[in-house]
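The sequence shown finishes on residue 112 if you use the working numbering, and the numbering steps up by one all the way, no holes.
Glycine included, each C-beta is placed from N, C-alpha and C at the ideal position.
Have a look at the structure below before the remarks.
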Amino acid sequence: MMTLSLATSIYVVSFVTSAICATLLMRSYVRTRTRLLLWSGICFIFFALNSLSVILDFVLLPPDIDLGLVRVSTLLIGVAALLYAFIWEAD
Numbered sequence: 022m023m024t025l026s027l028a029t030s031i032y033v034v035s036f037v038t039s040a041i042c043a044t045l046l047m048r049s050y051v052r053t054r055t056r057l058l059l060w061s062g063i064c065f066i067f068f069a070l071n072s073l074s075v076i077l078d079f080v081l082l083p084p085d086i087d088l089g090l091v092r093v094s095t096l097l098i099g100v101a102a103l104l105y106a107f108i109w110e111a112d
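Next comes the structure, spelled out in structure tokens:
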């Protein structure tokens with residue numbers, strides 16, 4: 022049986038939290054059609070992908086495989102989506 026370290030537990034909790042937030046935001050967007058909810062949901066989708074890439078990079082894949090570019094890219098896209106929403110979509 023595999024035991025989870027504290028770091029691995031935090032990575033998993035971060036992924037689950039981001040995925041739940043993305044789901045709730047997208048469900049709210051479908052109900053209300055508020056564009057800021059859409060962009061916030063997209064942001065959290067990329068945050069969840071970032072957390073998933075952290076789990077893959079640090080826990081599941083061997084040390085010689087580096088997903089640093091994927092991690093930084095997903096985080097940058099998520100922040101850019103939210104920044105776009107705050108600047109151009111907010112009323």
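Within the same chain, show all residues whose beta-carbon is closer than 6 Å to that of residue i, passing over the 5 residues directly before and after it, in chain order.
i	result
residue 67	95, 98 and 99
residue 91	74
residue 26	none
residue 43	62, 65, 66 and 69
Note the first and the last residue of the continuous alpha helix (DSSP H) segment covering residue i.
i	result
residue 68	56-76
residue 26	Careful: residue 26 lies outside any alpha helix (DSSP H) and carries neither H nor E.
From residue i to residue j, what does the alpha carbon distance come to, in whole angstroms?
i	j	result
residue 56	residue 110	7 Å
residue 49	residue 105	19 Å
residue 71	residue 47	18 Å
Apart from the five residues just before and just after residue i, which ones in its own chain have a Cβ nearer than 8 Å to its Cβ?
i	result
residue 32	72, 75, 76, 79 and 80
So, at 7 Å on beta carbons, what are the nonlocal neighbours of residue i in its own chain, with the 5 sequence-adjacent residues on each side left out?
i	result
residue 39	65, 68, 69 and 72
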